[in-house]
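The next block holds one structure in the form of structure tokens; read it before the comments.
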Amino acid sequence: MEIFLNDYKNIKVALIKQEVYNDLYIAKPYDSEFYKKSLKRSGPLGFVEIFNCDFFIVETAEDPECKIWEEKIKAGIGNYRNSIKTQYSNKFDNLTQSECKVKIDQIPYEEYDIIISFDISIPTRIVKTFPKQLWCYYISEPPLSDWKESFSQPLYGYDIFFTQLFSLNKGKEETKSHVIDMPYHAVSSSTYQKLFGFNQIEELEIKNKKPTAILPRYCKQFLSDIQFEKLSEFVEIKITVGTVEAYLRSLFHADYYLRLGNTNKFGNETIEAVASGCLFISSTKGWRNRIFNVKSTTLDSLDIQEQFDALINLIKHHEENPKLKNAAKNNQKVILNRICFSDPMLRLIEKLEEKKIKEYYFI
Numbered sequence: 194m195e196i197f198l199n200d201y202k203n204i205k206v207a208l209i210k211q212e213v214y215n216d217l218y219i220a221k222p223y224d225s226e227f228y229k230k231s232l233k234r235s236g237p238l239g240f241v242e243i244f245n246c247d248f249f250i251v252e253t254a255e256d257p258e259c260k261i262w263e264e265k266i267k268a269g270i271g272n273y274r275n276s277i278k279t280q281y282s283n284k285f286d287n288l289t290q291s292e293c294k295v296k297i298d299q300i301p302y303e304e305y306d307i308i309i310s311f312d313i314s315i316p317t318r319i320v321k322t323f324p325k326q327l328w329c330y331y332i333s334e335p336p337l338s339d340w341k342e343s344f345s346q347p348l349y350g351y352d353i354f355f356t357q358l359f360s361l362n363k364g365k366e367e368t369k370s371h372v373i374d375m376p377y378h379a380v381s382s383s384t385y386q387k388l389f390g391f392n393q394i395e396e397l398e399i400k401n402k403k404p405t406a407i408l409p410r411y412c413k414q415f416l417s418d419i420q421f422e423k424l425s426e427f428v429e430i431k432i433t434v435g436t437v438e439a440y441l442r443s444l445f446h447a448d449y450y451l452r453l454g455n456t457n458k459f460g461n462e463t464i465e466a467v468a469s470g471c472l473f474i475s476s477t478k479g480w481r482n483r484i485f486n487v488k489s490t491t492l493d494s495l496d497i498q499e500q501f502d503a504l505i506n507l508i509k510h511h512e513e514n515p516k517l518k519n520a521a522k523n524n525q526k527v528i529l530n531r532i533c534f535s536d537p538m539l540r541l542i543e544k545l546e547e548k549k550i551k552e553y554y555f556i
């Protein structure tokens, strides 16, 4: 994977979101550490690892294609009814998104090779003005019609649709040349350590005698007080809070990431856990993407008590068999590096080269 770090820093990438987009980074233009300034998810930091990236928050355009945030409200997805307030209420380093925004025509699009929009933050009229750039987009919520329609063709003048999917079993969407299964957390096993400077030696120095486990807050509700106490006999349980950097540091200093229950989830958190070096142990139900359910890491029952009993046995087994634990971690790491990083990034680079050739030969 070092080839990415050595060979592609000459590719300039612009990451762009709207001021009403209530996820990812809150930073002014050209902030070199924008990726550290998120109150929620870490996002596709593999782009920052291998390319020369800038980040922009733009004003919300009135063009109809730029109003996906309204569709989220209509669809009742998450807490998007507060999107209008997001531009003023979400803060990092005492800066709001509104204070960090620029007008959509102030970005020097011609300076970038690849432009990546979260939802459709840049309207078609501007996309068509810069035909040499490779225009890519995420639709942040898969239930939306724009996400589903994007498998058939790229929307609004863009070139490439990022599905957010990460699967070992590729589906019919791969027959479409404009589709790339680029996860929302497109990262490698080296991304967080390189960008945030996490130190493995430091991790070993502060490590407790007991292994440490991250338990997501939504999973804690499935455990009774007795179960929580029993689990605490085997691992030091961490329930994370704080900024993205604090969250990732907690993951980096943990041995396990434990996911109990059958809650329906897309699965982005699994990538952050494996990329941070945790052994990801999970139930097999509820996930849209289950690529890390490798041997000796799965809780197969739907019953919470049976899941809990299996979890305790798995932890004991791994602690008694370090080679087995390391093998499972390495299996998850190999899958991560291929499916969530090298495969989609190589495909993106190929698409960029294809567009350059077409422009050169006026195809």
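So for the sequence shown, the working numbering puts the first residue at 194; every next one is plus one. Don't be surprised by glycine CBs; every beta carbon is placed ideally from N, CA and C.
Three-way DSSP call (helix, strand, coil) for residue i in this model
i    : result
N245 : strand
P376 : strand
F421 : helix
L208 : strand
A406 : strand
E252 : coil
N501 : The amino acid occupying residue 501 in the given sequence is Phe; Asn does not appear at that position. Of the three classes helix, strand and coil, the one that applies to F501 here is helix, per DSSP.
K202 : coil
T433 : coil
R452 : strand
L416 : coil
F227 : helix
L492 : strand
I474 : strand
I196 : Bear in mind that the predicted position of I196 carries a pLDDT of just 46, short of 50, making it unreliable; the figure below should be weighed with that in mind. Helix, per DSSP.
E396 : Its pLDDT being 48, under 50, E396 is placed unreliably in this model, and the value from its coordinates should be taken loosely. E396 falls in the helix class under three-state DSSP.
T289 : strand
Y349 : coil
Y385 : helix
E304 : helix
K296 : coil
I542 : helix
P537 : helix
K548 : helix
K325 : coil
E366 : Confidence at E366 is low in this model, with a pLDDT of 47, below 50, so its placement is unreliable and no value can be given for it.
V213 : coil
N167 : Absent from the structure is residue 167, since the part of the chain shown begins at 194 and ends at 556.
Beta-bridge pairing of residue i - partner residues as DSSP gives them
i    : result
Y331 : F311, F355
W158 : The question about residue 158 has no answer here: the residues shown for the chain are numbered 194 through 556.
Y411 : Paired residues: none, contrary to the question.
W480 : K458
Y440 : Y440 is not bridged to any residue.
K284 : T289
Y218 : S231
Among the options, the one whose alpha carbon lies nearest that of residue i
i    : options                : result
Q357 : E546, C533, K544       : C533
T491 : A503, A466, A254, T456 : A503
R318 : F344, Y351, F311       : Y351
I407 : D286, P515, A466       : A466
F459 : S360, L208, Y349       : S360
E547 : S370, D200, F354       : S370
I308 : N245, F285, W340       : N245
T384 : K413, K431, E303, E438 : E438
Q290 : T405, E252, L327       : E252
E166 : Q420, K403, A447, F389 : Outside the shown range of the chain (194 to 556) lies residue 166, about which nothing can therefore be said.
E499 : Q420, E303, A220       : Q420
E303 : L327, P257, M538       : L327
A520 : M538, S417, F501, F485 : F485
P409 : N482, Y440, G390       : Y440
I209 : I430, I250, S231       : I250
Y214 : L541, K202, D493, I266 : I266
E242 : S535, Y349, K544, K551 : S535
N389 : S338, F354, R442       : Rather than Asn, the amino acid found at residue 389 in this sequence is Phe. Ranking S338, F354, R442 by Cα distance to F389 puts R442 first.
N482 : K205, D256, Y377       : Y377
Y349 : V206, D256, D418, K325 : D256
Y449 : N455, Y411, L507       : L507
V527 : L545, L495, I464, K202 : I464
Beta-carbon spacing of residue i, residue j below 9 Å
i    : j    : result
A254 : P316 : yes
Y218 : G239 : no
F311 : Y330 : yes
S476 : H510 : no
L453 : F427 : no
S381 : L472 : no
K294 : E212 : yes
K229 : T436 : yes
K387 : I505 : no
F248 : D224 : yes
G470 : L444 : yes
S314 : I332 : no
I432 : E334 : no
M375 : L541 : yes
K549 : K325 : yes
9 Å Cβ cutoff, residue i in contact with chain B
i    : result
S535 : Of the protein chains in this structure there is only one, and it is not chain B.
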